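**Student:**
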Amino acid sequence: MENIRVRFAPSPTGALHIGGIRTALYNYLLAKKHGGTFILRIEDTDQSRYVPGAEEYIIEALRWCGLLPDEGPEFGGDYGPYRQSERKHLYAQYAEQLVANGHAYYAFDTAEALDAHRVQDKTFKYGAATRLRLTNSLTLPASEVQQRIANGEPWVIRLQVPDNELVVVPDLIRGEVTFRSKELDDKVMLKSDGMPTYHLANIVDDYLMRITHVIRGEEWLPSTGHHVLLYRYLGWEAAMPQFAHLPLILKPDGKGKLSKRDGARLGIPVFPLGWAGDTPEESFQGFREFGFLPQAMLNFLAFQGWNPGTEQEIFTIPELIEAFSLEKIGKSGARFDFEKAKWYNQQYVHTADAATLATFVRPLLETKGYHPEPAFLESFCTLLRERVTLLPEFWEKGAFFFTEPKEYDAKNVQKRWDATTRNLFEQLTDTLRAIADNQWSEPRVHQTVQEFMDQHELKPGALFPLLRIALAGSTQGPALFGMMELLGKSKTIARLDSALPRFDGFVA
RNA sequence: GGCCCGUUCGUCUAGGGGUUAGGACGCAGGAUUUUCAUUCCUGUAACACGGGUUCGAUUCCCGUACGGGCUACCA
Numbered sequence: 028m029e030n031i032r033v034r035f036a037p038s039p040t041g042a043l044h045i046g047g048i049r050t051a052l053y054n055y056l057l058a059k060k061h062g063g064t065f066i067l068r069i070e071d072t073d074q075s076r077y078v079p080g081a082e083e084y085i086i087e088a089l090r091w092c093g094l095l096p097d098e099g100p101e102f103g104g105d106y107g108p109y110r111q112s113e114r115k116h117l118y119a120q121y122a123e124q125l126v127a128n129g130h131a132y133y134a135f136d137t138a139e140a141l142d143a144h145r146v147q148d149k150t151f152k153y154g155a156a157t158r159l160r161l162t163n164s165l166t167l168p169a170s171e172v173q174q175r176i177a178n179g180e181p182w183v184i185r186l187q188v189p190d191n192e193l194v195v196v197p198d199l200i201r202g203e204v205t206f207r208s209k210e211l212d213d214k215v216m217l218k219s220d221g222m223p224t225y226h227l228a229n230i231v232d233d234y235l236m237r238i239t240h241v242i243r244g245e246e247w248l249p250s251t252g253h254h255v256l257l258y259r260y261l262g263w264e265a266a267m268p269q270f271a272h273l274p275l276i277l278k279p280d281g282k283g284k285l286s287k288r289d290g291a292r293l294g295i296p297v298f299p300l301g302w303a304g305d306t307p308e309e310s311f312q313g314f315r316e317f318g319f320l321p322q323a324m325l326n327f328l329a330f331q332g333w334n335p336g337t338e339q340e341i342f343t344i345p346e347l348i349e350a351f352s353l354e355k356i357g358k359s360g361a362r363f364d365f366e367k368a369k370w371y372n373q374q375y376v377h378t379a380d381a382a383t384l385a386t387f388v389r390p391l392l393e394t395k396g397y398h399p400e401p402a403f404l405e406s407f408c409t410l411l412r413e414r415v416t417l418l419p420e421f422w423e424k425g426a427f428f429f430t431e432p433k434e435y436d437a438k439n440v441q442k443r444w445d446a447t448t449r450n451l452f453e454q455l456t457d458t459l460r461a462i463a464d465n466q467w468s469e470p471r472v473h474q475t476v477q478e479f480m481d482q483h484e485l486k487p488g489a490l491f492p493l494l495r496i497a498l499a500g501s502t503q504g505p506a507l508f509g510m511m512e513l514l515g516k517s518k519t520i521a522r523l524d525s526a527l528p529r530f531d532g533f534v535a
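Residue numbering for the first sequence follows our numbering, beginning at 28 and increasing consecutively.
1. Can we say the segment 183-200 touches the segment 260-270, given the rule of at least three CB pairs closer than 8 Å?
2. Determine which residues share a DSSP beta bridge with D213 and list them.
3. Look at the Cβ atom of L23, then the Cβ atom of F317, and state whether they are nearer than 7 Å.
4. Let me make sure I understand the geometry here. Which of E349, K149 and Q322 has the alpha-carbon closest to that of N334?
5. Just to confirm the assignment: which complete alpha helix (DSSP H) runs, minimum length 4, are found wholly within the segment 104-156?
6. From which residue to which residue does the alpha helix (DSSP H) around Q269 run?
7. So who's on the other strand from K284, going by DSSP bridges?
8. How long is the line joining the alpha carbons of K209 and V231, rounded to whole angstroms?
9. Assign G290 to buried or exposed, taking buried as 16 or more other Cβ atoms, counted over all protein chains shown, within 10 Å of its Cβ.
10. Considering only C-alpha positions, which residue in the set R315, E139 and T306 is nearest to F298?
11. I'd like the list of long-range same chain contacts for V534, defined as Cβ closer than 6 Å, with 5 residues on each side in sequence excluded.
12. Could you check which residue in P401, Q174, H144 and K149 has the C-alpha nearest to that of R160?
13. Tell me the DSSP secondary structure of P419 in three-state form.
14. What number of angstroms, rounded off, separates the C-alpha of D305 from the C-alpha of A42?
15. Quick test of the definition: if touching needs 3 or more C-beta pairs under 8 Å, does the segment 98-107 touch the segment 63-75?
16. Helix, strand or coil: how does DSSP classify D531 here?
17. Out of T239, E192, K486 and R185, state which residue places its alpha-carbon closest to the alpha-carbon of S219.
18. Taking Cβ to Cβ, would you say C92 is nearer than 7 Å to P321?
19. Could you check the C-alpha separation between R237 and Q312 for me, to the nearest Å?
20. Between F151 and the rest of its own chain, which residues show a CB-CB distance below 6 Å, the 5 nearest in sequence each way excluded?
21. Helix, strand or coil for L235 per DSSP?
22. Which term fits H116, buried or exposed, when burial requires 16 or more other beta carbons within 10 angstroms of its beta carbon?
23. Check the DSSP bridge columns for R243 and list the partner residues they point to.
24. When the distance is taken between beta carbons, is R32 closer than 7 Å to T239?
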């Protein structure tokens, strides 16, 4: 394929959810696979729905994911500006061209008047069957149309959909989708505030930006009939992009597509990044805050609706680019599967190198007030990563490396703590104390403890759980000797010493 | 309601006129492990229904049911 140009075109109406990220990802993958161009375009033609910060959020989210646009606001490019509000002056001429060619008309019906029609007739549609009895340049004398416009009366331009044609939408995922034009309404192209609607702006910009493939959610399929008509009436049919309408991501339970409310309701993230709304109810944690690695989230999302046809499931971005194709995208909606998302993250955490993990874990520790040395942090990550699924678990399972445990597993101490054990414990502590500071290491500690156990004919079960509780508060945790090495000699000994009276207290 | 799209294990999916319908998540059991995890093994479970077409349909066609989307001067 030659000169592929694709765009991700979100509206800045709030946080971008996971479905949007997946759309961006598929666009990105197709572009990169063919050496094409990935464009970000902000579709902010509806001033009433504009949310401050939403555009920044979109860009930050894309950056976090590593899905950097080749062109877009803040990214440059030869086809800008990339915000529709800054392209406002471009659209009217095309709407007027449509009128001049007899494919659109001025309409004066107010929103209230149309609402009234809809109340009266649930199936009311501004279209072929009704346009001749409404207030527009098709029914009014030309002089009156001029007069009304001159008087400053509000007007819109509507597309005049043909009465009886078959409109065929070619779609790479679904084949040909056919609409009867009489079912299509006369969509508004230019609003009374002078702004274009999505339909006009989208087609004009896709044309002007030389977009070759439109990859977007399935919710756009029903209006694509209008879009095809628009390309035709504007004389751009030869340049019409190829369409690919993606299956939607559905709620994990119940009915309907995934919505931001589902996140709060089910305690799962539906946004890449957190979003601070005006109220707690409007604020959400994202995949980032839940502790996902962006690569893992992307790998997961790639598979919600797409599959390479092989049994490989873990893909780096370059591998995804290599394997991706629109033909492999499924047709049916995919239920959001958070368990699978966590599994992906676990796979990535397990195999990530320590330095990479450290960059994600450091901020976590810093919020707790700790600023570990890089080498220590990396060892920490290496020691714990096998039992971590979500990043915050590094703290939950490893806090004792930084601070004394808050709770101790008294029950398990009570089961094992008696005079004999106490004596052995004390002796072992002294044996460990005898290791030179600069000799303190996992193998050395291991060897020392092993010899001690051999000498006293002890099984691991006799002392290990108690050592764990003394050091970490719990019988669970990473490999004991690795734990001791990382903790260091002084802390290890100090905790063993202080455990003695504490354990005595548990059985008293 | 109308229009459009879809339907393989609970979930994500592979497959495709003749297969023991494959994988993954989850769940259950087992092995390894000083603990907890990890890892490994085993098991669990699906072609929505009814008609065609065909020697033969899960696969093709038509209906039905169910699910989803759209139906704004929102995108």
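Glycine included, every Cβ here is placed at the ideal spot set by N, Cα and C.
Given the structure is predicted, the values throughout are model-derived calculations rather than measurements.
**Tutor:** Let's see:
1. Using a Cβ-Cβ distance cut-off of 8 Å, the segment 183-200 and the segment 260-270 are in contact, since at least three pairs of beta carbons, one from each stretch, lie closer than that value.
2. In the DSSP output, where bridge partners are listed per residue, D213 has none listed.
3. This structure does not reach residue 23, given that the chain is present from 28 up to 535, and the question cannot be answered.
4. When only C-alpha atoms are compared, the closest one is E349.
5. Along the length of the segment 104-156, whole alpha helix (DSSP H) runs at least 4 residues long occupy 115-127 and 138-147, reported in chain order.
6. First-last for Q269: Q269 to L273, but that is the beta strand (DSSP E), not the alpha helix (DSSP H).
7. Paired residue(s): L277.
8. Computed Cα separation, rounded: 24 Å.
9. It is buried - the Cβ of G290 has at least 16 other Cβ atoms within 10 Å.
10. When R315, E139 and T306 are compared, the shortest CA-CA separation from F298 is found for R315.
11. Here the set comprises Q441 and W444.
12. Proximity to R160 across P401, Q174, H144 and K149 peaks at H144, based on C-alpha coordinates.
13. Reduced to three states, the DSSP call for P419 is coil.
14. Roughly 13 Å between the two C-alpha positions.
15. Yes, the segment 98-107 is in contact with the segment 63-75.
16. DSSP places D531 within a helical segment (H, G or I) once states are collapsed to three.
17. Among T239, E192, K486 and R185, the Cα nearest to that of S219 belongs to R185.
18. A contact, by the Cβ cut-off of 7 Å.
19. Using only the alpha carbons, I get a separation of about 37 Å.
20. Spatial neighbours of F151 in its own chain (CB-CB distance under 6 Å, excluding positions within 5 residues in sequence) are listed in chain order as H144 and R145.
21. Helix.
22. Label assigned to H116: exposed.
23. According to the DSSP secondary-structure assignment, R243 is paired through a beta bridge with H272.
24. Between T239 and R32, the gap from beta carbon to beta carbon is short of 7 Å.
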